[in-house]
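**Student:**
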Ligand SMILES: Nc1nc2c(ncn2[C@@H]2O[C@H](COP(=O)(O)OP(=O)(O)OP(=O)(O)O)[C@@H](O)[C@H]2O)c(=O)[nH]1
Ligand SMILES: [Mg+2]
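Written as structure tokens, this is what we have:
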């Protein structure tokens, strides 16, 4: 499952993998490395962008970018 | 000695810089306020320190133009601004991510002082990191706790700074960069190195963080309302309406006062000085011209009071979040909101502020459309036209003049969007744009920071736009007095007939 499919904000997920591509390093820099616990906070209208809790701070990203992050 | 402030965006670097140097650089609760380097100086116990404030960055490998600035300074040992010592400012409430950059800097082998800033918030969150232990685990790097909002223990920070040994043995970490070529090697396997670095940071933190974290996200309730699909936009619109209403309502009294003062002064000079063209120049050209600049101070000050409150509270980041999807269609990004709003002061700093937009196409389009927003020098022109044409009436408590002003600002934004969508059709790019942005916690605006922004913007209006307004009003006086017809001098009466 990828992060863009999440709609439940009461459940935490673990980052499993970041899809290889030009954004991999940016997402890792921001603290989204495999093993990190994350949680959906809220979504903008039409579900894009979304805001997530990266344990320590709030990160916002577009759905497109959320789709690069597989979680479990 | 040369020292440079490095750290994640919004960690408090500029706050530390202002405290140490006594300067007044712009501070705000939004990641990416500082986009260029800035030197300052201070002397502590006989040592001269040149201090460099830098834009924030998340990793030593740059991803945007403002980050590139820092990369250049740190990477080249012979760079004009290369520091003898780096001060890494960390947000103590989020050490894991802040240590990512901090340990990269340690690996560079430049003498380093770590600051665990926002210690007040860390204590509130009861994150409870043992900082002495952390410093020890990082190989004995000096680490001080600090609160850049209050500036408490500033002397301690200064002496810690001077005690940092300027010779560094090799870093105890992954040894990612031992020489310049390593940078390029590092880029090749940046992702893998990044993951390994975070694993190591986790290990270190687990050894000095006995308590489990109680809370990581503050004010969630607020976000539920302020970013709500319906209420979010309504609140934003009402806020704007309120701002333009109050700009008109609150400025009336001080504006009338300024008007009276300059009128009296003009009459007094006319009566006191001997008759002649020089007296006329002073009483009818110079003094009304000066008055014509000063009279707009209340409105401009109020406009920036509101804008800076939006920035300092953290609300601006929510606007960026809400606007991203709408703006994306026109080749802009949510991040374009900040330059577009700061364009209400002046287009030049607004163009600078685009540096933090990563995608070049979005950045270029933003730069090109920023001049459409109504800058403060245009505000007086609007004001004069509005008070000439629009009646000073109210409907259901809404002032027509305020409404018209808001409409004019909207028209500016609308033109910006329109031009953006045209440009978007022309420009092609292979680089995909992205939006991965930290959203800072809400903070109570610091009075000092708000006051400084208002002062700075108003001052630059008076000196920059004021010069021109004054020159033109003298020129107009000249033309009205010595020009061909009387029509011009009576322009106001003719219009109001
Ligand atoms: N509570 C608290 N707030 C702080 C502290 N230090 C800074 N702030 C606030 O944090 C926000 C960011 O501060 P800045 O000094 O602009 O941060 P910066 O690192 O220069 O940010 P960029 O230039 O955007 O990279 C401001 O709203 C400050 O008032 C602190 O020790 N405690
Ligand atoms: Mg700054």
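Chains as they are written, first to last, in our numbering: chain B, 1 to 72; chain S, 73 to 569.
Beta carbons: idealized from backbone N, C-alpha and C, even for Gly.
(1) Would you mind reading off the limits of the alpha helix (DSSP H) that contains residue 292 of chain S?
(2) Give a yes or no on whether 8 Å exceeds the smallest Cβ distance from residue 67 of chain B to chain S.
(3) Using a beta-carbon distance below 8 Å, is residue 301 of chain S in contact with chain B?
(4) Step through the CB atoms of chain B and report whether any lies within less than 8 Å of the CB of residue 252 of chain S.
(5) Rounded to whole angstroms, how far is the Cβ of residue 394 of chain S from the Cβ of residue 299 of chain S, which I believe are closer than 8 Å?
(6) Suppose the cutoff is 8 Å on Cβ atoms and the five residues either side in sequence are ignored; what does the same chain contact list for residue 157 of chain S look like?
(7) Please indicate yes or no: does the CB of residue 81 of chain S lie closer than 7 Å to some heavy atom of ligand 1?
(8) Is the Cβ of residue 267 of chain S closer than 8 Å to any Cβ of chain B?
(9) Compute the Euclidean distance between the alpha carbons of residue 279 of chain S and residue 273 of chain S, then round it to the nearest angstrom.
(10) What does the alpha-carbon distance come out to for the pair residue 251 of chain S and residue 195 of chain S?
(11) Where DSSP assigns a beta bridge to residue 158 of chain S, which residues make up the other side?
(12) Which complete alpha helix (DSSP H) runs does the stretch 358-403 of chain S hold, if anything under 4 residues is left out?
(13) Would a C-beta distance cut-off of 8 Å place residue 190 of chain S and residue 84 of chain S closer than the cut-off?
(14) Could you check how far apart the C-beta atoms of residue 66 of chain B and residue 3 of chain B are, in whole angstroms? I think they sit under 8 Å.
(15) Between the stretch 164-195 of chain S and chain B, which residues of the former have a C-beta closer than 8 Å to a C-beta of the latter?
(16) So, at 6 Å on beta carbons, what are the nonlocal neighbours of residue 427 of chain S in its own chain, with the 5 sequence-adjacent residues on each side left out?
(17) Could you please go through the chain and list the residues whose beta-carbon is closer than 6 Å to any non-hydrogen atom of ligand 2?
(18) For residue 94 of chain S, which of S:103, S:112 and S:104 has the nearest alpha-carbon?
(19) Does any CB atom of chain B fall closer than 8 Å to the CB of residue 245 of chain S?
(20) With a threshold of 7 Å (Cβ to nearest heavy atom), would residue 220 of chain S be considered close to ligand 1?
(21) Does DSSP classify residue 122 of chain S as helix, strand or coil?
(22) Leaving aside the five residues before and after residue 433 of chain S along the sequence, list all residues of the same chain whose C-beta is less than 6 Å from its C-beta, in chain order.
(23) Nearest-angstrom Cα distance between residue 364 of chain S and residue 377 of chain S?
**Tutor:** To lay it out plainly:
(1) 292-298
(2) no
(3) yes
(4) Here the model assigns residue 252 of chain S a pLDDT of 45, short of 50, so the residue's position is not dependable, and the following value carries that caveat. Chain B contact via Cβ: absent.
(5) 6 Å
(6) 73, 74, 75, 76, 182, 183, 184, 185, 233, 236 and 238
(7) yes
(8) yes
(9) 10 Å
(10) Residue confidence is low: residue 251 of chain S scores 46 on pLDDT, short of 50, so the model does not pin down where it sits. No coordinate-derived value is stated.
(11) S:76 and S:184
(12) 359-366, 369-385 and 387-400
(13) yes
(14) 4 Å
(15) 165, 166, 167, 168, 169 and 172
(16) 107, 137 and 138
(17) S:85, S:86, S:105 and S:106
(18) S:112
(19) With a pLDDT of 49 at residue 245 of chain S, under the threshold of 50, the modelled position of this residue cannot be trusted, and the question is left open.
(20) yes
(21) strand
(22) 499 and 501
(23) 21 Å
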